[in-house]
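Protein chains: 2
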Amino acid sequence: MKVSALEEYGLRCMILLAKNGDSALTLPEISAREGLSLPYAGKLLMILKQSGLVNAARGRKGGYILAKPAGEIMLREIFSALGEPVFGSSHCERYTGDTECCIHADDCTVRNVWGAFNEFMSGYLDNVTLADLASNNGHIKQYPRPLNKSEQNNEFNRG
Amino acid sequence: MKVSALEEYGLRCMILLAKNGDSALTLPEISAREGLSLPYAGKLLMILKQSGLVNAARGRKGGYILAKPAGEIMLREIFSALGEPVFGSSHCERYTGDTECCIHADDCTVRNVWGAFNEFMSGYLDNVTLADLASNNGHIKQYPRPLNKSEQNNEFNRG
DNA sequence: TATAATCATTACAAAATAGTATAGTATATT
DNA sequence: AATATACTATACTATTTTGTAATGATTATA
Chain H
1 MKVSALEEYG LRCMILLAKN GDSALTLPEI SAREGLSLPY AGKLLMILKQ SGLVNAARGR
61 KGGYILAKPA GEIMLREIFS ALGEPVFGSS HCERYTGDTE CCIHADDCTV RNVWGAFNEF
121 MSGYLDNVTL ADLASNNGHI KQYPRPLNKS EQNNEFNRG
Chain S
160 MKVSALEEYG LRCMILLAKN GDSALTLPEI SAREGLSLPY AGKLLMILKQ SGLVNAARGR
220 KGGYILAKPA GEIMLREIFS ALGEPVFGSS HCERYTGDTE CCIHADDCTV RNVWGAFNEF
280 MSGYLDNVTL ADLASNNGHI KQYPRPLNKS EQNNEFNRG
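Given below as structure tokens:
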């Protein structure tokens with residue numbers, strides 16, 4: 001289970017733009033401040049632009065800026081632009097082994113594991129904005145805690 | 160954010176072995192029942208064997224069997240064998256851009272996002288066993304729910 | 001209108017992951 | 001012992017992801 005480079009660096013660029021407020025940042029600036037090569041930063045921002053998350057201006061006074069206020073950008077939008085959720089709609093089509101359609105299509109045990117992750121992440125992605133990340137200087141003190149063992153035993157349907 | 164093929168198919172094989180109880184399954188059987196090619200199933204089981212999760216017997220009556228009861232195998236062990244947790248120890252070394260060490264090493268905003276996922280997953284992986292997955296026929300009714308907006312506002316340290 | 005700074009686009013190269021092929025080694029059965 | 005059924009190991013190929021290169025298009029300014 002891995003975060004892709006696009007997701008990692010793309011989210012970083014979005015946070016950078018959010019912290020920079022209303023003034024635009026150029027590719028050379030973004031590249032320098034994120035430690036990315038210029039072409040790669042360009043590629044990232046292009047993806048973000050094509051997803052409608054940032055606006056670009058060409059020419060001498062050009063640069064990139066958020067397409068809307070950071071407080072109105074949910075994390076989900078950013079992740080959707082950069083990749084897929086862990087258990088996305090394509091998951092079952094992706095892992096079909098040798099067969100046309102997954103052999104567990106009817107009765108899948110694994111699906112529930114990814115489903116649990118996915119539900120948690122959905123709650124997170126749909127409730128946290130880019131501004132939340134940018135404003136607190138990167139120090140979220142507490143995360144939604146995981147359930148302890150007895151809570152899990154209550155909530156899971158065993159046997 | 161993606162589940163790797165190894166994680167997906169490896170976990171499926173473990174569940175299959177768990178459901179099969181005390182009798183061994185051969186590679187041809189595993190291959191057929193999971194819809195995987197024989198060589199690929201072999202590769203998977205080899206990884207699981209080298210991690211100590213399954214025992215193998217060679218020869219005519221050979222096959223694979225869980226190395227210990229499914230109830231004593233935490234999901235974490237399986238995932239550790241097959242890949243890395245989302246925000247593992249190598250994450251910050253992995254995404255350093257062009258620089259030797261990540262430019263955000265001191266003050267990283269993104270880290271908290273992955274950290275939240277990671278904490279949730281840890282709570283899950285450390286509390287759910289392979290038997291939990293195998294015994295309920297794949298139908299977990301309820302997952303640890305995500306926090307709602309007001310809970311999040313309480314738990315997060317804003318601005 | 002020339003120029004420098006900037007974004008845009010396409011094609012390519014490198015690395016990691018996924019999956020296959022082939023040739024072994026071990027064991028139960030006959 | 002011969003054989004069929006299994007696991008083991010290594011090397012190879014294909015695909016996806018990651019990152020680079022090179023060239024073109026746009027705009028502010030002098």
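For the protein sequence lines, the chains are H and S, in the order given.
1 is the number of the first residue of the first sequence in my numbering; add one for each residue after it.
160 is the number of the first residue of the second sequence in my numbering; add one for each residue after it.
Ideal Cβ positions, reconstructed from N, Cα and C, are used throughout, including at glycine.
Predicted model only: the values in this text are computed from it and were never measured.
Element boundaries [alpha helix (DSSP H), containing residue i]
i               : result
N112 of chain H : V110 to L125
I237 of chain S : L234 to L241
Y32 of chain H  : Before going further, note that residue 32 of chain H is Ala rather than Tyr in the sequence given. Here the alpha helix (DSSP H) through A32 of chain H covers L27 to E34.
K253 of chain S : It should be pointed out that residue 253 of chain S corresponds to Arg in this sequence rather than to Lys. First-last of the alpha helix (DSSP H) with R253 of chain S: H250 to R253.
Where residue i falls, given that 16 or more other Cβ within 10 Å makes a residue buried
i               : result
E167 of chain S : buried
C13 of chain H  : buried
A105 of chain H : exposed
K220 of chain S : exposed
K2 of chain H   : buried
G123 of chain H : buried
R317 of chain S : Low local confidence applies: a pLDDT of 26 at R317 of chain S is under 50, so the model's placement there is unreliable, with the coordinate-based value given in what follows. R317 of chain S comes out exposed.
E236 of chain S : buried
Q152 of chain H : Legend: pLDDT at Q152 of chain H = 38, less than 50; position of this residue unreliable, no value from coordinates given.
R58 of chain H  : exposed
L197 of chain S : exposed
P69 of chain H  : exposed
N296 of chain S : Its pLDDT being 43, under 50, N296 of chain S is placed unreliably in this model, and the value from its coordinates should be taken loosely. So N296 of chain S counts as exposed.
Helix, strand or coil at residue i according to DSSP, with G and I counted as helix
i               : result
A18 of chain H  : helix
I262 of chain S : coil
K208 of chain S : helix
A293 of chain S : helix
A41 of chain H  : helix
L11 of chain H  : helix
G230 of chain S : helix
L66 of chain H  : strand
Beta-carbon proximity of residue i to residue j, cut-off 8 Å
i               : j               : result
I30 of chain H  : A81 of chain H  : no
Y254 of chain S : C261 of chain S : yes
G274 of chain S : E34 of chain H  : no
L27 of chain H  : G10 of chain H  : no
A161 of chain H : L125 of chain H : In this structure chain H extends from 1 to 159, so residue 161 of chain H is not present and cannot be described.
A24 of chain H  : G63 of chain H  : yes
I15 of chain H  : T258 of chain S : no
L204 of chain S : A226 of chain S : no
L6 of chain H   : V272 of chain S : no
F238 of chain S : N277 of chain S : no
S163 of chain S : G230 of chain S : no
Extent of the continuous beta strand (DSSP E) run through residue i
i               : result
A160 of chain H : Residue coverage of chain H in this structure runs from 1 to 159, which leaves residue 160 of chain H outside it and unanswerable.
Heavy atom of the ligand SAM within 7 Å of residue i beta-carbon
i               : result
E166 of chain S : With respect to the ligand SAM, the structure offers nothing, as it holds no ligand at all.
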